[in-house]
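In our numbering, the protein residues as written are 2 to 372. Positions of the beta carbon are idealized from the N, C-alpha and C atoms, including for glycine. Encoded as structure tokens, the structure appears first; notes follow it.
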Amino acid sequence: MKSDANDPIKVLAVDDEEMIRELYDQILSNQFSQSSDPSRTGVSGNEAAAANNGNPAGSLPPPQYDLTLCSQGEDGLEAVRQDEDEFAMAFIDVRMPPGRDGIWTAENIRTVSPATQIVIVTGYSDIDPAEIEKRVPPPDRLLYLQKPFHPFEIRQFASTLAARWQAEKKMQLLNLGLESMVQERTSELRKAYHDIEHQAMHDALTGLLNRRAVFSDLKQELSRTQRKSEPLSLIMADLDHFKSINDTYGHQAGDAVLEETARRMHACVRPYDKVGRIGGEEFMIVLGDCGRAEGLEIAERIRKSIGDQGFEFDGEKIRATVSLGVATTIANQTFEKDLLISAADKALYRAKRDGRNTVRAGGLKLEAIIY
Ligand SMILES: [Mg+2]
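Now the structure itself:
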């Protein structure tokens, strides 16, 4: 069913008798449905009017049929095979010497075109409908019509099956539309959710993890490293005299320094380390599987990258430095997050007290903090 719902309805009629094929042609021709002139249809005016779709006056226009006529079952099957669009219906005679019979034809058409509605048209009563139903499923797409038929019957069958075909096609198009709409909405929602999740976890100015996120990462990383008996280092960093940068150069300059600080910190750590902004000019860095020496090394790298090269905003050269405190867990011992934070904080205060732009390490004991 690739074609549009408003395309002509494709109909196949297979019958070995030429007269019957001509009759199909007349009954399903457009002239038949548009005119009641019996001379044009070869059917009486009354019959033509009666067979005109059975549509009451003023209802939808009758369907247009695109009719393919074949005299043998093999030809009918070939026509179905060759056609890109499915036939909406196939009227199939049963006895068609010298070729294959209508049941064989219907069975094979069903395999090629599962949706085609098949009408078995026969004058013989020696065919077991149950047997045909078994060979040409499903039962709701298989009908019988006795020969000799009245043109009205063919017309009724055709218009009823056409209406069903078009309704199914419209439903399919509708479903496709709904499906793509749902997919579109889902991806929009997924993106919105992702954006919200990102916003909820990141600092808007620097793009670093926010306080809540980096604290949560610390907790997770702490339990992970302790499970694996690995050390963890925590760095607390604070830009020195940041208030005076804001006071001297303005808040925009201060923001620019914070953004650049975030970039430099990121450049100094390993890709899997967590860098967060936990306050105005305060930062926390979680270094998993990182011993004291390496933690101090990373902290020193950060100190240099900030203090050794100036910042620039709006043509102004700005100097900023950072003080850092490092605390490291001892492998095989369990530490609470707060104890580690407190140790790093105390190391940071010591760095401040010792003249700023410096790194200090805090030690940890199970209950007490040693310097
Ligand atoms: Mg026949």
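heavy atom of ligand 1 below 6 Å from residue i C-beta
i     : result
Met20 : no
Asp17 : yes
Arg96 : yes
Residue i, buried or exposed, once every other Cβ within 10 Å from all chains shown has been counted against 16
i      : result
Met20  : exposed
Lys318 : exposed
Lys244 : exposed
Ile10  : buried
Thr42  : Any reading at Thr42 needs caution, since the residue's pLDDT is 35, under 50, leaving its predicted position unreliable; the model's value is listed next. Flag for Thr42 reads buried.
Tyr64  : The sequence given here places Pro at residue 64; Tyr does not occur at that position. Under this definition Pro64 is a buried residue.
Ser188 : exposed
Asn176 : exposed
Arg361 : buried
Ala352 : buried
Asp16  : buried
Glu18  : exposed
Met182 : exposed
Gly280 : exposed
Thr249 : exposed
Residues of its chain near residue i, where Cβ-Cβ distance is below 6 Å and the 5 sequence neighbours each way are ignored
i      : result
Ala257 : Phe314
Thr69  : Leu13, Ala80
Glu283 : Asp239
Ile236 : Ile286, Ala300, Leu325, Val327
Asp204 : Asn211, Arg278
Close-in-space but distant-in-sequence residues of the same chain around residue i (CB under 7 Å, 5 per side omitted)
i      : result
Cys269 : Ile299, Arg302, Ile303, Ser306
Thr207 : Leu259, Glu260, Ala263, Arg278
Leu297 : Val327, Val360, Ala362
Contact belief for residue i with residue j at Cβ below 8 Å, rounded distance in angstroms
i      : j      : result
Ala332 : Glu231 : 6 Å
Val323 : Ala263 : With a Cβ gap of about 12 Å, Val323 and Ala263 do not count as contacting.
Gly363 : Lys347 : 5 Å
Met266 : Ile286 : 7 Å
Pro130 : Ile28  : In fact, because the Cβ distance is near 24 Å, the residues do not count as touching under 8 Å.
Phe88  : Ser72  : Contact flag wrong, Cβ pair sits at about 17 Å.
Gly74  : Arg101 : 4 Å
Phe336 : Leu223 : 7 Å
Leu144 : Glu154 : With 8 Å as the limit, Leu144 and Glu154 do not qualify as a contact, their Cβ atoms being about 11 Å apart.
Ala107 : Ile93  : 5 Å
Pro149 : Gly124 : 7 Å
Own chain partners of residue i with C-beta closer than 8 Å, once the 5 adjacent residues on each side are dropped
i      : result
Asn358 : Asp241, Arg304, Gly308, Thr322, Val323, Ser324
Task: alpha helix (DSSP H) runs wholly inside the region 110 to 169, at least 4 long, in chain order - done: DSSP runs (the alpha helix (DSSP H)) wholly in the region 110 to 169: 130 to 136.
Open item on the list: Just to confirm the assignment: which complete beta strand (DSSP E) runs, minimum length 3, are found wholly within the region 192 to 249?
Closed with: You should have 233 to 240.
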